[in-house]
Amino acid sequence: MKKQTDVIAQQSEVATNKIQAGLTSAEVEQLVHNLKVHQIELEMQNDELRKTQAELELLRARYFDLYAMAPVGYLTLTAAGSIQEANLMAANLLGVTRNLLVKRLFSSFILPADQDKFYLLRKQLLQSNGPQTLELRLVRPYGLPYWIQLETNLIPGGGDHEMFRLVISDINQLKAMEQRLRQSAAMFESAREGVMVVDADECILIVNRAFCDLTGYSSQEALGQTPRLLQSGRQNKAFYAQMWAQIETTGYWQGEIWNRRKSGEVYPQLLSISAVKDQNQQLTHYVGVFSDISQLKDAAEKLDYLAHHDPLTGLPNRLLLFARLEHSLEVARRDRKSLALLMLDLDRFKDVNDSYGHLAGDELLQLVAERLTSRLRGIDTVTRLGGDEFALLLEDLSHPQDAALVAAEIIEALSDPWRLSMGVEVRIGTSIGISLYPQHGSSSEVLLQHADAALYLAKDEGRGIFKYFSDDLTIAARRRLNLEALLRRALANQELKLYYQPQVDIASGRIIGAEALLRWQHEVEGFIPPDQFIPVAEETGLIAEIGEWVLREACRQGHAWIAAGLPVLKLAVNLSSHQFRHGDICATLKTVLQDTGFPAQRLELELTESALMEREAEAVLILQKMRDLGVGLAIDDFGTGYSSLAYLKRFPLDVLKIDKAFITDIPQNEDDKEIAAAIIAMAHILRLKVLAEGVETEEQIAFLQRTGCDLYQGYYMSPALPATDFAALVQRTA
Numbered sequence: 001m002k003k004q005t006d007v008i009a010q011q012s013e014v015a016t017n018k019i020q021a022g023l024t025s026a027e028v029e030q031l032v033h034n035l036k037v038h039q040i041e042l043e044m045q046n047d048e049l050r051k052t053q054a055e056l057e058l059l060r061a062r063y064f065d066l067y068a069m070a071p072v073g074y075l076t077l078t079a080a081g082s083i084q085e086a087n088l089m090a091a092n093l094l095g096v097t098r099n100l101l102v103k104r105l106f107s108s109f110i111l112p113a114d115q116d117k118f119y120l121l122r123k124q125l126l127q128s129n130g131p132q133t134l135e136l137r138l139v140r141p142y143g144l145p146y147w148i149q150l151e152t153n154l155i156p157g158g159g160d161h162e163m164f165r166l167v168i169s170d171i172n173q174l175k176a177m178e179q180r181l182r183q184s185a186a187m188f189e190s191a192r193e194g195v196m197v198v199d200a201d202e203c204i205l206i207v208n209r210a211f212c213d214l215t216g217y218s219s220q221e222a223l224g225q226t227p228r229l230l231q232s233g234r235q236n237k238a239f240y241a242q243m244w245a246q247i248e249t250t251g252y253w254q255g256e257i258w259n260r261r262k263s264g265e266v267y268p269q270l271l272s273i274s275a276v277k278d279q280n281q282q283l284t285h286y287v288g289v290f291s292d293i294s295q296l297k298d299a300a301e302k303l304d305y306l307a308h309h310d311p312l313t314g315l316p317n318r319l320l321l322f323a324r325l326e327h328s329l330e331v332a333r334r335d336r337k338s339l340a341l342l343m344l345d346l347d348r349f350k351d352v353n354d355s356y357g358h359l360a361g362d363e364l365l366q367l368v369a370e371r372l373t374s375r376l377r378g379i380d381t382v383t384r385l386g387g388d389e390f391a392l393l394l395e396d397l398s399h400p401q402d403a404a405l406v407a408a409e410i411i412e413a414l415s416d417p418w419r420l421s422m423g424v425e426v427r428i429g430t431s432i433g434i435s436l437y438p439q440h441g442s443s444s445e446v447l448l449q450h451a452d453a454a455l456y457l458a459k460d461e462g463r464g465i466f467k468y469f470s471d472d473l474t475i476a477a478r479r480r481l482n483l484e485a486l487l488r489r490a491l492a493n494q495e496l497k498l499y500y501q502p503q504v505d506i507a508s509g510r511i512i513g514a515e516a517l518l519r520w521q522h523e524v525e526g527f528i529p530p531d532q533f534i535p536v537a538e539e540t541g542l543i544a545e546i547g548e549w550v551l552r553e554a555c556r557q558g559h560a561w562i563a564a565g566l567p568v569l570k571l572a573v574n575l576s577s578h579q580f581r582h583g584d585i586c587a588t589l590k591t592v593l594q595d596t597g598f599p600a601q602r603l604e605l606e607l608t609e610s611a612l613m614e615r616e617a618e619a620v621l622i623l624q625k626m627r628d629l630g631v632g633l634a635i636d637d638f639g640t641g642y643s644s645l646a647y648l649k650r651f652p653l654d655v656l657k658i659d660k661a662f663i664t665d666i667p668q669n670e671d672d673k674e675i676a677a678a679i680i681a682m683a684h685i686l687r688l689k690v691l692a693e694g695v696e697t698e699e700q701i702a703f704l705q706r707t708g709c710d711l712y713q714g715y716y717m718s719p720a721l722p723a724t725d726f727a728a729l730v731q732r733t734a
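695 is the number that the UniProt record's numbering gives to position 695 of the sequence shown; each next residue is one higher, with no gaps.
Structure (structure tokens):
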């Protein structure tokens, strides 16, 4: 276009020169025409130039829009590293608005730990002039470090005029995904469960280390194979058909399966299979996760065995007996057969346990289990219920009398001597209760209850015998259950009362104390004798609560009498064997004395011979602790139990009470007179005071005076009285 302008100018100059030289008019017109043509061309060229400039301006504006709105960040840095230009994405990545970025050092946005990497990048860029790439982390306001990738170019300019152009890509999510992938890979490899990924054609694509450890196959051996490589043959086609049907329906299956290791060993797995689909719901692969549950199943079997067997003897326990009894009853009902349930309790086993220790007792129980098992048929069940109680389930009986024959044989077998490993020979016996199906019940619960009731009767009638269940036993059992319920309510409703029977000094005839005796007056049943409810209390464990109540109430009443000015008397309270053996009786005693304020020296505790003879050494220690508290100690009902004065000298006792059985027939029965006199004489040798129980006549008093008996109690002075009546009696006779 410039050349055309120059041509027009030259032509104009030529025309002017020609005019000046004297051109003709025709030549002048031609020249003017040419000038106009060139002017028009020039104007057209100017229009084209303006149009081109406008297009360039539009392109430039579009470029700046693209630059500003680009999905990557663009920065231009000076040689010193300050920001000269930045697009919107760069500002967003740096967390600062664009107008605040200019002249800021780009390095101020870089995590301190990555500053050296950026410095090294600039150095390499200056040395090589080639593009450089770097991943680093930015520090953004109020945020965590943010990953970016830099692509840098040097814009040459020499010295301070050099510029850096940076392209910034956001790779934060990519880095997070990489981290998750690394974690997933680490978890995949370190998982304790075996994992295999299978494609849609059931070809194994990948396995983890646990898979190799559990199956014995290396990853190279497994890849490309199908999971059928692991099949054991234990599951049939129907099992797999059902499994795959569930996976197709729900996308998931979990269960136990038996598979085979490379070694050929078959083992149980807990396997879960998940179907994985893409976004179009097309199946892409399966993921199988499994663990070896061999130890778990072994432990479960052991736990099941322990739950259903006695650990000492290996016999079935009560739980397994109940299950077998239920099954046996179903069979008996179906086949119209009979069965018997025998419950037996070992006689004198406690003596062996106390005399030779628990190890000897355990050995004896094991021997009993062996002997019982050897006497029964294979279809019968021997069970240890606990302690020294066993049960026998006899199935398919031809006649009810068959149970009696077995019971008699068992009684005879267990009465034979037992040789223990410690070198001693012991003898025990057994009592047996029998219930029959269908005669005595049609359910497991009823047969167990009835056999137990029959056993109770066998023990009550002398031991070493067997008894069948009868309706009378049901009545007695229900009576005991009813009595137990009434007794529990009596405790809660304070229906129990203490009566006090005077204890009298024979020489002076003065009341010196009293024995606290428990009485129960029920509003409906009337007076219930102690010999009816005390055994029930002992069987149910209520005796502990009742015994503590008696002790506390007696001490409270004794303190009340002292406060009322009554002569200070000695109070005797009976301790049951259960109280003496279970719990800390000395701690209870100390607490009761402190709570009630009753003087320990005025309290006398009475124990039976049997309570003292059980675990003799332990009994001596307990008695000594009681003596240390200041209480007196008496042995009750002497002559009805062990009756050994040799035993008595080992115990720190104060009083010996002669049982009323030796007093009732005096003076008519000479044997009783001689026995009573001998007991009194020997007790005095042991420095024990003697109290005679059940004294009712003047002749008995005279005999006791002659033989030197110290004290008595009985109807001769008074029956047991309520607290107010006893206090009045003491005041009258003082």
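Using N, Cα and C, we set each Cβ at its ideal position, and we do this for glycine too.
Judging by CA-CA distance, which residue of the options is the nearest neighbour of residue i?
i, options, result
"arginine 334", "Gln295, Ser442, Ile410, Gln235", "Ser442"
"alanine 587", "Leu629, Ser610, His559", "Leu629"
"cysteine 709", "Ala79, Asp347, Gln503, Glu606", "Gln503"
"isoleucine 168", "Arg180, Ile148, Gln30", "Ile148"
"methionine 626", "Phe580, Gln53, Ala200", "Phe580"
"glycine 694", "Glu85, Leu342, Pro719", "Pro719"
"leucine 296", "Val287, Arg261, Glu256", "Glu256"
"alanine 681", "Gln700, Ala661, Thr707", "Thr707"
"leucine 385", "Ala369, Glu538, Glu43, Leu120", "Ala369"
"leucine 593", "Met89, Trp549, Gln115", "Trp549"
"arginine 602", "Leu150, Phe533, Ser577, Trp561", "Trp561"
"lysine 660", "Ala537, Leu166, Asp672, Arg650", "Asp672"
"glutamate 539", "Ala564, Asn574, His578", "His578"
"proline 71", "Asn92, Leu77, Asp116", "Asn92"
The beta strand (DSSP E) that contains residue i, what's its start and end?
i, result
"lysine 117", "It is not in any beta strand (DSSP E) - lysine 117 instead sits in the alpha helix (DSSP H) that spans 115–128."
With a threshold of 7 angstroms, establish whether the CB of residue i neighbours any heavy atom of the ligand GDP.
i, result
"proline 599", "As for the ligand GDP, it is missing from this structure, which has no ligand bound."
Residue i bridges to which residues according to DSSP?
i, result
"arginine 375", "The partner list for arginine 375 (beta bridge, DSSP) is empty, contrary to what the question assumes."
"isoleucine 543", "Answer is none; isoleucine 543 lacks a bridge partner."
"glycine 386", "Glu389"
"tyrosine 146", "Leu138"
"residue 748", "For the chain, the structure presents residues 1 to 734; residue 748 sits outside this window and is missing."
"residue 800", "Because the chain spans 1 through 734 in this model, residue 800 falls outside it and cannot be assessed."
"glycine 558", "For glycine 558, which the question treats as bridged, DSSP gives no partner whatsoever."
"asparagine 574", "Glu606"
"phenylalanine 703", "Note: phenylalanine 703 sits in no beta bridge, so no partner."
"alanine 340", "Leu394, Leu436"
"serine 431", "Asp345"
"isoleucine 110", "Leu138"
Please list the terminal residues of the continuous alpha helix (DSSP H) segment that includes residue i.
i, result
"phenylalanine 188", "172–190"
"glutamine 254", "Taken as a continuous stretch (DSSP letters only), glutamine 254 belongs to no alpha helix (DSSP H), being part of the beta strand (DSSP E) at 252–260."
"isoleucine 680", "670–685"
"tyrosine 715", "Run containing tyrosine 715: none; DSSP gives neither H nor E here."
"valine 352", "349–356"
"leucine 321", "318–335"
"leucine 420", "That residue, leucine 420, is in no alpha helix (DSSP H); it is neither H nor E in DSSP."
"aspartate 654", "Where aspartate 654 is concerned, there is no enclosing alpha helix (DSSP H), given that its DSSP letter is neither H nor E."
"alanine 403", "401–415"
"valine 730", "723–733"
Which runs of the alpha helix (DSSP H), 4 residues or longer, sit entirely within the region 447–526? 471–493
Any 3 or more C-beta pairs closer than 8 angstroms across the region 683–694 and the region 653–662: yes
Evaluate the contact criterion for the region 463–470 versus the region 433–449: three or more CB pairs, one atom per stretch, below 8 angstroms. yes
Entirely within the region 582–609 and at least 3 residues each: give me those beta strand (DSSP E) ranges in chain order. 603–608
For the region 263–314, list the alpha helix (DSSP H) runs that are entirely contained and at least 4 residues long, ordered along the chain. 294–308
Stretch-stretch touch, CB-based, cutoff 8 angstroms, three pairs: the region 565–585 with the region 501–521: yes
Under 8 angstroms, with one C-beta from each stretch per pair, do the region 344–360 and the region 403–422 reach the 3-pair mark? yes
Using a Cβ distance threshold of 8 angstroms, determine whether the region 97–107 contacts the region 185–204, with at least three qualifying pairs required. no
With three or more C-beta pairs closer than 8 angstroms as the rule, is the region 306–324 touching the region 342–356? no
The region 102–118 / the region 80–89 touching (three or more Cβ pairs under 8 angstroms): yes
Three CB pairs or more closer than 8 angstroms across the region 207–223 and the region 178–193: yes
Could you check whether the region 312–328 touches the region 444–454, counting it as contact only if at least three pairs of C-beta atoms, one from each stretch, sit closer than 8 angstroms? yes
Would you be able to state if there are at least three C-beta pairs under 8 angstroms between the region 338–346 and the region 397–407? yes
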